[in-house]
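>
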Amino acid sequence: MLGGERGAVTPIVAASLVVLAVMAMGLADVGRVLLAQGRAQTAADAAALAAAQSLAFPTEMDPERAARDLARRNGAGLVRCACDPGTFEARVEVRSPVGVLLLGPDDLAVGASARAVVELP
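In numbering that gives the first Met the number 0, the protein residues as written are 0 to 120.
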């Protein structure tokens, strides 16, 4: 009989399970990065709209402060706001942390940018 080959499949199965687990963790990390990218883009869009609206309809809050506030409320930090007085256009850049990854660095952040223009009739 084949008594000498008994259990020879066990190392192959164990190695396959390890590879499968690493692939699953990598896929989970990709999902987290894509989710963070979506949040960053939402924050950038909201910040640009707030800044452009503040330029077109001035209030006590300056455009950069409005952009910073909306970015923060959407889980991102404002990196840059090009909100020139006298224009109705705002360009913003934000960064949003990804969080703890299973296979990657813990301090990863994604960025996004947006442009908003208010057109008055």
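Glycine included, C-beta positions come from ideal geometry on N, C-alpha and C.
Since the model is a prediction, treat every value here as computed from it, not as a measurement.
Which one of ASP68, LEU107 and LEU119 has the shortest CA to CA distance from GLN36?
LEU107
> Tell me the DSSP bridge mates of ALA51?
For ALA51, which the question treats as bridged, DSSP gives no partner whatsoever.
> Considering just the uninterrupted stretch of the alpha helix (DSSP H) at PRO62, what are its terminal residues?
62 to 72
> Any idea what DSSP makes of PRO96, helix, strand or coil?
strand
> Which residues in the same chain as GLY121 place their Cβ atom closer than 7 Å to its Cβ, once the five residues preceding and following it in sequence are excluded?
With the chain running from 0 to 120 in the structure shown, residue 121 is simply not present.
> Would GLU63 pass as a contact of LEU77 if the rule is Cβ separation under 9 Å?
yes
> With DSSP run on the structure shown, which of helix, strand or coil describes VAL17?
helix
> Assuming LEU48 and ALA115 make a contact with CB atoms under 8 Å, what is their CB distance in whole Å?
5 Å
> Taking only the alpha-carbon atoms, compute the straight-line gap between VAL8 and ARG31 and give it to the nearest angstrom.
35 Å
> Nearest to VAL117 by alpha carbon, out of VAL21, LEU19 and LEU54?
LEU54
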